[in-house]
Each structure stands twice: as structure tokens, then as C-alpha cells.
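Enquirer: Those sequence lines, one after another, are chains A and B.
Each step along the first sequence adds one to the number in my numbering, with nothing skipped, and position 133 is 133.
If you want my numbering, it's the 1-based position in the second sequence plus 1000.
Number of protein chains: 2
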Amino acid sequence: MPAHARERLVAAAEELFYEEGIRAVGVERLLAVSGVGRASFYRHFPSKDDLILTMLRGYDERFREWLAAAVAEAGDDPAALFDALADRFDRSALRGCASIRTMIEFVDPGHPLHRAAVAHKEAVIADLDRWLAAAGRADHAELAAQFLLLIDGAIVSALRERGAAPAQRAKRMASALLAAQA
Amino acid sequence: MPAHARERLVAAAEELFYEEGIRAVGVERLLAVSGVGRASFYRHFPSKDDLILTMLRGYDERFREWLAAAVAEAGDDPAALFDALADRFDRSALRGCASIRTMIEFVDPGHPLHRAAVAHKEAVIADLDRWLAAAGRADHAELAAQFLLLIDGAIVSALRERGAAPAQRAKRMASALLAAQA
DNA sequence: TCAAGTCGGTACCGACCAGTACCGTCTCCG
DNA sequence: CGGAGACGGTACTGGTCGGTACCGACTTGA
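See the structure below:
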């Protein structure tokens, strides 16, 4: 557990929002899990929404770094990301991703949290596009959008199915698409 | 607007839960939109959760009938469902589907509402499987799971992108998969 | 005509929500 | 040793949550 109150709050937010929902988790529970006092919370964050935003930024950063590492490790093969996703699904029962959850819980397109979640997805598309272009795919833009659709579809499927199956299915689909449009 | 209080409540639930979220919409708003008195609400439904469950059952029924009609209209071509989905996306700014929303807002797998939402998705897979088998696909089971992954991926994409593009993308992917595994 | 059932309106309940104010304590650093 | 800042604990606010109780008005059918 991190030493400073702020980091403990963000860690608790990631854990609880992820496992139970954002609206469903009150400040009280965040305080109990993080061991932070009520006043300290509002010393570090003007409001609960600001904590959510900070959590989202951390999620964006770590998820994309993790994805980039997985692709790089596979010799810049973009389809390898689905293997990494399968690993992730297999190790912990995935309950959606922070971005999808935020887009659904804060459904108003103008809401700052909704916009932050959308920005994350668009950044992932941009990453995918770069990797696919670097791999020499002429159809990199379309493929990037298709890959994100597969990732999101796999995440939603993982809400129902246990284990790595949804990610493995997405990988089979991605491979077929790469072969078909080569 | 339906004459009876119960039907007005279900109609308001479908509209509000869909556009603003389930937890985000309180009983008060349901009453205001439906024009139903507070007491009448609890005469027809023991709790808010029961209204949600009723709404989900209606969604399951109507969505699957609509999907079946779209497939039948296209001469039992399962891939045609993505055209129907594109139509649906184009006409109204889709804000997720009731089932995905419920699985995310009530994330505990043991929760009755979560289970009802999962049952809907599994029923859609069963429908897809039947249509694909009837179309003579030997790989109908795998394809059915893949099609639902595409549908869910398209719905999540539609949270960000306006219009029919996500469904059209999913259709291109479905066609490629059908051709590749034929 | 009259009783039964359905209805909308409203006052109210305890519980919880996000956010504020103030407390005493601990740690760290000069 | 001493002061400053970060901290956890708690009491509190106004507002909203889901749910209950009771009211009078309306419709319906015998």
C-alpha cells in the first residue's frame, strides 16, 4: 500500500470502481478501503469526480503502456495483443474496462468523464493505427478501428464468460481478418 | 402513451434507463415522466429492481423478435442482421444496449438483474447459432459467439461514434469471417 | 345507485449521498 | 527542541435515495 494518502485513494478507486461500479461506490467506502480520513480526501481532490478523472488518466496510461509492451515483445506483431488480453482475462475475472464503464455510467457525451473515457479509446485506436502501419498494412486505419471493436467486444463477452475464451476468440477473428485483407 | 399505469411505467423505464442509466434515474423521475403516482408504482412493482427486471424481459423479447425479423427478411442470411443494426444506429443515437448496461451497472454475477442480462445475451447466441446452422455453416457455434462479439463491439463503438459506421464496420468483419471460414 | 378497484398526490420514513468544519495527533525537518 | 504540515477521526449539513401510509377522486360494473 502506497505511503501517501493521495496514492492510496487512487489505488482504492481503481480497485473499487472496477469491481463494484463508480456510482455504486460511495466516498465512505473509498475512505474505509484506503484508510484515508475524510478531510484528507477533499484536501487532495476537489470532488469525487476529480478522483474518477485521475483514476481514468492512470488507467489510460498504464493500459496503453501495457499494450505497447505486449506488442513490442511479440516483435511488433499487432495481433499479439490479443494473447496479452487473454492472459489478463485468465489471471483475473475481468469486469469490464474503466473506459467502457465510464462511458456507460456517465452517458452524456458532454460530461467531462465521458469525454475522458472516449479520449482513451481514441488514443488506443491511434496506437493500433501506428503499429499496423509500421507492420506495413495499407489498410491500417480500418484495421485499427476493427481491432478496437474486437477488444471491446471481447471485454463485454468477458463480463459473461469466465477465463481467456473471449480474448482467444477475438484473436482468431483478428487473424482471419489480417489474412483476408492481406 | 399507454392507458394503464403499469405500462406507462415500463415505457418510461425503457426510455430513461436507456438514455440516462439505471442507477442514475430515481423513482421520482420515473413517476414524473410516466405521470404515475408514487403509490401506484409500488402497487404494480414490489421494488425498483422488479421494474428493471420487467423492462429487461421486454427488451429481450423485442430485440430478439426484431433481429429475427431482420434475418428472415433477408432470406435467412444471418449477416443481414448487421444491416438492421446499422439502420438502428443511424436512426437514433444509440447509447448502449439494456443488457450490457445492466451487466455493467449490476456487476455482481450473482445479482438477479445481472443474471437476467446474461440470459438475454445467451439467448441471442442461441438464436444466432440456429440461423447459422440453418444456413448450412458447420462452424455455427463458433460463428454465433463471434457474431455476438461483433454486435457487442459495435454497440460499444457506437457509444463514441455517431451514426451507422460501427455497425457497417462489424458487417464488413462478419462478411470477411464468413468468407474466410467457408 | 352504490360498492370495489384503480388511480394521482402528498407527507413522511430511515438510510445514504457528496461535501464541510474542526478536532487532536503524528512525523518530519530545521 | 520546536514549529509546520500532513494526517485520521468524527460530527455535521442539505439533498436525494428507495419505500410506506394515507388521502380523495375517478371509473367501472352490477
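For each residue, glycine too, the CB sits at the ideal point set by N, CA and C.
In this structure, how does DSSP classify D139 of chain A when only helix, strand and coil are distinguished?
Expert: Here D139 of chain A sits in coil by DSSP.
Enquirer: Answer with buried or exposed for A1013 of chain B, where buried requires no fewer than 16 other C-beta atoms within 10 angstroms of its C-beta.
Expert: By the 10 Å Cβ count, A1013 of chain B comes out buried.
Enquirer: Between the beta-carbon of Q1146 of chain B and the beta-carbon of R169 of chain A, is there less than 8 Å?
Expert: Contact flag set, yes.
Enquirer: Assuming the contact rule is C-beta atoms closer than 8 Å, A1080 of chain B and A1070 of chain B should be a hit. Round their C-beta distance to whole Å, please.
Expert: Correct: roughly 6 Å between the Cβ atoms.
Enquirer: For A69 of chain A, which of helix, strand or coil comes out of DSSP?
Expert: Here A69 of chain A sits in helix by DSSP.
Enquirer: Just to confirm the assignment, what range does the alpha helix (DSSP H) spanning P1112 of chain B have?
Expert: Per DSSP, P1112 of chain B belongs to the alpha helix (DSSP H) from 1112-1134.
Enquirer: Whose C-alpha, out of B:L1143, B:V1118, B:A1119, B:H1120, is nearest the C-alpha of R1130 of chain B?
Expert: Taking only the C-alpha atoms, the option nearest R1130 of chain B is B:L1143.
Enquirer: Buried or exposed: where does S1042 of chain B fall if 16 or more other Cβ atoms within 10 Å of its Cβ makes it buried?
Expert: Note that residue 1042 of chain B is Tyr in the sequence shown here, rather than Ser. Y1042 of chain B is exposed by the Cβ-count criterion.
Enquirer: I need the straight-line Cα distance from A135 of chain A to I155 of chain A, nearest angstrom please.
Expert: Distance between the alpha carbons of A135 of chain A and I155 of chain A is about 25 Å.
Enquirer: When Cβ atoms are compared, which residues of the segment 84-106 of chain A fall closer than 9 Å to chain B?
Expert: Correct list: A93, R95, G96, I100, R101, M103, I104, E105, F106.
Enquirer: Does the separation of the CB atoms of P1150 of chain B and A1174 of chain B fall below 8 Å?
Expert: The amino acid occupying residue 1150 of chain B in the given sequence is Leu; Pro does not appear at that position. Yes, Cβ-Cβ distance for L1150 of chain B and A1174 of chain B is below 8 Å.
Enquirer: Among B:V1027, B:P1112, B:Y1018, B:A1180, which has the Cα closest to the Cα of D1139 of chain B?
Expert: Cα-wise, what sits closest to D1139 of chain B is B:A1180.
Enquirer: Using a Cβ-Cβ cutoff of less than 7 Å, which residues in the same chain neighbour G1096 of chain B once the five nearest sequence positions on both sides are dropped?
Expert: So the list reads I1155, L1159, once near-sequence residues are dropped.
Enquirer: Give the secondary structure of L1159 of chain B by DSSP, where H, G and I count as helix, E and B as strand, and everything else as coil.
Expert: Coil, per DSSP.
Enquirer: Taking DSSP as the reference, what is the three-state secondary structure of V10 of chain A?
Expert: Residue state, collapsed to three classes: helix.
Enquirer: Give every residue of the same chain whose Cβ lies closer than 6 Å to the Cβ of A1005 of chain B, excluding the five residues on either side of it in the sequence, and list them in chain order.
Expert: These residues qualify, in order along the chain: V1036, S1040.
Enquirer: Under 8 Å Cβ-Cβ, which residues of chain A neighbour S1157 of chain B?
Expert: Residues of chain A passing the Cβ test: A145, L148, L149, D152.
Enquirer: Return the residue from the list A:I100, A:P109, A:A141, A:G110 that minimises the CA-CA distance to K121 of chain A.
Expert: Considering only alpha carbons, the answer is A:I100.
Enquirer: When Cβ atoms are compared, which residues of the segment 19-49 of chain A fall closer than 9 Å to chain B?
Expert: Here the close residues are E19, E20, G21, R23, A24.
Enquirer: What separation, rounded to the nearest whole angstrom, lies between the Cα atoms of E1061 of chain B and E105 of chain A?
Expert: The alpha-carbon atoms of E1061 of chain B and E105 of chain A are separated by roughly 24 Å.
Enquirer: With H, G and I counted as helix, E and B as strand and the rest as coil, what does DSSP make of D77 of chain A?
Expert: The answer is coil: DSSP assigns D77 of chain A none of H, G, I, E or B.
Enquirer: Can V10 of chain A and T54 of chain A be called in contact, C-beta distance under 8 Å?
Expert: Yes. Within cutoff.
Enquirer: Rounded to the nearest angstrom, how far is the Cβ of G1153 of chain B from that of G153 of chain A, given a contact under 8 Å?
Expert: Between G153 of chain A and G1153 of chain B the Cβ distance is about 3 Å, and since that is below 8 Å, they are a contact.
Enquirer: Examine chain B for any beta-carbon lying closer than 8 Å to the beta-carbon of K121 of chain A, and answer yes or no.
Expert: Yes, its Cβ sits closer than 8 Å to a Cβ of chain B.
Enquirer: If the criterion is Cβ atoms closer than 8 Å, does the pair L16 of chain A and V33 of chain A meet it?
Expert: Going by C-beta atoms, L16 of chain A is nearer than 8 Å to V33 of chain A.
Enquirer: Using DSSP with H/G/I as helix, E/B as strand and the rest coil, what is R1172 of chain B?
Expert: Looking at R1172 of chain B - three-state DSSP - the assignment turns out to be helix.
Enquirer: Suppose you measure from the CA of A116 of chain A to the CA of A126 of chain A; what does that come to, to the nearest Å?
Expert: Between A116 of chain A and A126 of chain A, the C-alpha separation is close to 15 Å.
Enquirer: Compare the C-beta of V71 of chain A against all C-beta atoms of chain B and say whether one is closer than 8 Å.
Expert: Chain B contact via Cβ: absent.
Enquirer: Under DSSP, the alpha helix (DSSP H) around A1098 of chain B begins and ends at which residues?
Expert: Element bounds for A1098 of chain B: 1098-1105.
Enquirer: Pick helix, strand or coil for I22 of chain A, following the three-state DSSP scheme.
Expert: If DSSP states are grouped into helix, strand and coil, I22 of chain A belongs with coil.
Enquirer: Could you confirm whether any beta carbon from chain B is found closer than 8 Å to the beta carbon of R8 of chain A?
Expert: Chain B contact via Cβ: absent.
Enquirer: Assuming F45 of chain A and A167 of chain A are in contact, meaning their beta carbons sit under 8 Å apart, how far apart are those beta carbons, in whole angstroms?
Expert: At roughly 34 Å, the Cβ-Cβ gap does not stay under 8 Å, so F45 of chain A and A167 of chain A are not in contact.
Enquirer: If you measure from the beta carbon of P1166 of chain B to each beta carbon in chain A, is any gap under 8 Å?
Expert: Output row for P1166 of chain B: interface = yes.
Enquirer: Residue range of the alpha helix (DSSP H) that R1038 of chain B falls in?
Expert: 1038-1044 is the span of the alpha helix (DSSP H), which, as asked, contains R1038 of chain B.
Enquirer: Take R91 of chain A and list the residues in its own chain whose beta-carbon comes closer than 8 Å to its own, dropping the five residues that flank it on each side.
Expert: Closer than 8 Å at the Cβ level, and outside the excluded window around R91 of chain A, lies no residue.
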